[in-house]
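Enquirer: Got a structure here, written out as structure tokens. Questions coming.
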Amino acid sequence: MRYKKILSAALAGILLFGLAGCAQNKEKAGGETKKEIRIPMILTVDPSSGTKNEEDVVNAFNDAYEGTYKMDVEWILETEEEYRKNLKRLNVTDKLPAVITDLRMLPSFYEMMVQEGRLENLAPYIDADKEWKDMIEPSVLRACSEPDGDIYLSPVSTAFFSCSGVFWNERLFEEAGIREFPRTWEEFWACCEQLKAHGITPLALHTEGTAWAPMLLATAELADSEEGAAFMDELYPDSYQNDSGLRLAHTLKRLFSYTTEDALHTDFDVSYENFMSGKAAMVPNGYWMMDQVPEEFAASVRFSPFPGNKLISSPETFGWAVVSGYSDSVKEGAIEFLKFRTGFNKKEKDTFLKGETAGTEQMMQDYIAAYSGSPQIVPNYQVKWNSLLQEETLGEYLPRLVKGQITEEEFTRMEDDSIRQFEEER
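Using the working numbering, count along the sequence shown one by one with no gaps and you end on 1247.
The following block contains the structure:
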């Protein structure tokens, strides 16, 4: 059984014990039994693994608040990218659920939702609840806050679970005579060459869905220079026709010389399958993928920061929002759920960092070591760059760049075209 599932079950019991009394008191206030309030939400079923995402925290909350609140989840088998597109459609038809996820992955949509008053400002609730506020790491709270102090994205407790690095197949590395993950980018490229020389495909990549896997690698590499790190910290860059943009394009093209033949015009689920089936030796992704690694394969999987000791993380991408159009009772329940989630997340982190990881997979121990090793944190491009570039430009022009149909300079011009179009449509 996967360690995270065991831990989540234990946490569910802890939180259930601590919160059940509170829920029961609400239910029996005034000597009457209140009708259970249902809080609609949509969550995805991972197309690659069949895992119901966030099922543990939903079940724990529903158990703790049985008879008072219930997260009424519609589970949908779709990719994260499909879910995000669906949010936009549901907003147009005014059918958004009460709690929505992934909103900060859509910068312009998030901005529009805030400006139109479609989201509940959670700052008054968090400020008035010392217990809740004390659960949240200051850096996470800052990341989820607007410049004026408003908060529309309910924070998780910690950045501990929000980091991305590289998962790698130790068995395939050993077959190629490689004993450890490369520590520098020079060593990384040499590693790719050595794997390739032994008939092993180095990387599992894709181009659809904001090109997540190659963009993780390329932006981490870009941040290896002071200038590149500053570029990655910009919100909505004015242009990609500069040294940083060209370097990024060059790295992207180079990465695809080490991947599978089916990498173009496919989404992350193809990369996932190529890695899990042993067809590729490395795939970049975040902590959350650990629960999606098959048991029989887990012993072969390791985790490392990107070369240069870098992890990619933007905690605000894990913030969940409450849609303001619902009744006060539903919004109150939704906010209670978000507080519960913060506590659930904190308990999970505390358990890990107490060193209670004996007998767990090596990759989990690797992750803890990476997070504790003072890495450079690189912002996630998905919260920094315009949505047209991410959702359309990359999918259309990255394959053409890889095939040599356009130059790196032309690729950056296409990126700049997305900036102009994005500004016109805002």
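For each residue, glycine too, the CB sits at the ideal point set by N, CA and C.
1. Measure the alpha-carbon distance for residue 1104 versus residue 955 and round it to whole angstroms.
2. Quick one: complete beta strand (DSSP E) runs, 3+ long, within the region 937-1001?
3. Under the three-state reduction of DSSP, which class applies to residue 1125: helix, strand or coil?
4. What first and last residue would you give for the alpha helix (DSSP H) that runs through residue 1156?
5. Using DSSP's beta-bridge definition, name the partner residues of residue 895.
6. Return the residue from the list 1128, 1027, 1031 that minimises the CA-CA distance to residue 1084.
7. So residue 924 and residue 933 are in contact, right, with Cβ under 8 Å, and what is the actual spacing, rounded?
8. Under 9 Å between the Cβ atoms of residue 979 and residue 1166?
9. For a test of the three-state rule: what should DSSP assign to residue 1115, helix, strand or coil?
10. Quick check: what's the CA-CA separation for residue 1180 versus residue 1186?
11. Evaluate the contact criterion for the region 1091-1104 versus the region 982-999: three or more CB pairs, one atom per stretch, below 8 Å.
12. Taking C-beta to C-beta, are residue 972 and residue 943 nearer than 9 Å?
13. Check residue 1080 in the structure and name its three-state DSSP category.
14. Would residue 1145 pass as a contact of residue 911 if the rule is Cβ separation under 9 Å?
15. If we require 4 or more residues per run, which alpha helix (DSSP H) segments fall completely within the region 992-1075?
16. DSSP three-state call for residue 1226: helix, strand or coil?
17. With 16 other CB atoms within 10 Å as the buried threshold, where does residue 969 fall?
18. I believe residue 1049 touches residue 1233 by the beta-carbon criterion, under 8 Å. Please report the beta-carbon distance rounded to the nearest angstrom.
19. Taking 9 Å as the threshold (C-beta atoms), are residue 975 and residue 1119 in contact?
20. Taking DSSP as the reference, what is the three-state secondary structure of residue 886?
21. Mark residue 916 as exposed unless 16 or more other C-beta atoms lie within 10 angstroms of its C-beta, in which case mark it buried.
22. With distance defined between alpha-carbon atoms, name the residue in 1229, 1155, 1226, 1175 nearest to residue 894.
Expert: This is what the structure holds:
1. 35 Å
2. 985-990
3. strand
4. 1149-1174
5. 863
6. 1027
7. That pair is no contact at about 11 Å.
8. yes
9. coil
10. Low confidence applies here, because residue 1180 scores a pLDDT of 46, under 50, leaving its location unreliable; read the following figure in that light. Going by the C-alpha atoms only, they are around 10 Å apart.
11. yes
12. yes
13. strand
14. no
15. 1006-1018, 1033-1043, 1047-1053
16. coil
17. exposed
18. Rounded, the Cβ-Cβ distance is 14 Å, inconsistent with contact.
19. no
20. coil
21. exposed
22. 1155
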